[in-house]
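Under the working numbering, the first residue of the sequence shown is numbered 211, with each subsequent residue one higher. Ideal Cβ positions, reconstructed from N, Cα and C, are used throughout, including at glycine.
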Amino acid sequence: MPKKRLFVSFDFDNDKILKDFIIGQSKLPDSPFEVFDTSMKEAAPEKEWLDRAETKIKGSDMVLVMVGPKTYKAPGVLKEVSLARKWNKPIAQVIGYKEGNYTPVPDAGRLYAWNWDNLKKLLG
């Protein structure tokens with residue numbers, strides 16, 4: 211069975227480590243998904259970033275939102291969720307940290323605990 215192509219949305223200013231962790235999990239032998247690293251390595255004009263994100267989202271099977279304390283109000287995440295809705299891509303949200311009280315990103319679906327069983331169910 212081919213792996214799902216996953217676009218990862220995260221709060222670039224506060225939670226880059228979460229993207230790195232999910233990329234690590236995608237490399238496990240029994241992972242049902244692969245991650246596209248869509249982060250730009252340097253600052254880019256918003257239009258360029260938005261066009262690139264849209265292309266990557268259109269080519270993905272699903273969007274995974276990695277939720278940290280401020281993700282629900284991160285402008286880039288909100289735009290990526292909007293693009294996922296525009297292209298009818300399924301969206302799942304996972305809580306990125308063990309401690310804390312997290313607000314779901316608006317219009318991005320249910321919020322799940324981040325564990326291997328949940329990831330395999332959501333992305334398998």
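Check	Outcome
Could you please give the first and the last residue of the uninterrupted alpha helix (DSSP H) stretch that includes residue 231?	226–236
I think residue 276 touches residue 234, with their Cβ atoms under 8 Å apart; what is that distance to the nearest whole Å?	Not confirmed; about 13 Å, so no contact.
My understanding is that residue 318 touches residue 301, with C-beta atoms under 8 Å, so please give their C-beta distance in whole angstroms.	5 Å
Nearest by alpha-carbon distance to residue 222: which of 241, 259, 213 is it?	259
What is the DSSP secondary structure of residue 219, reduced to helix, strand or coil?	strand
In the DSSP assignment, the alpha helix (DSSP H) including residue 264 goes from what residue to what residue?	256–268
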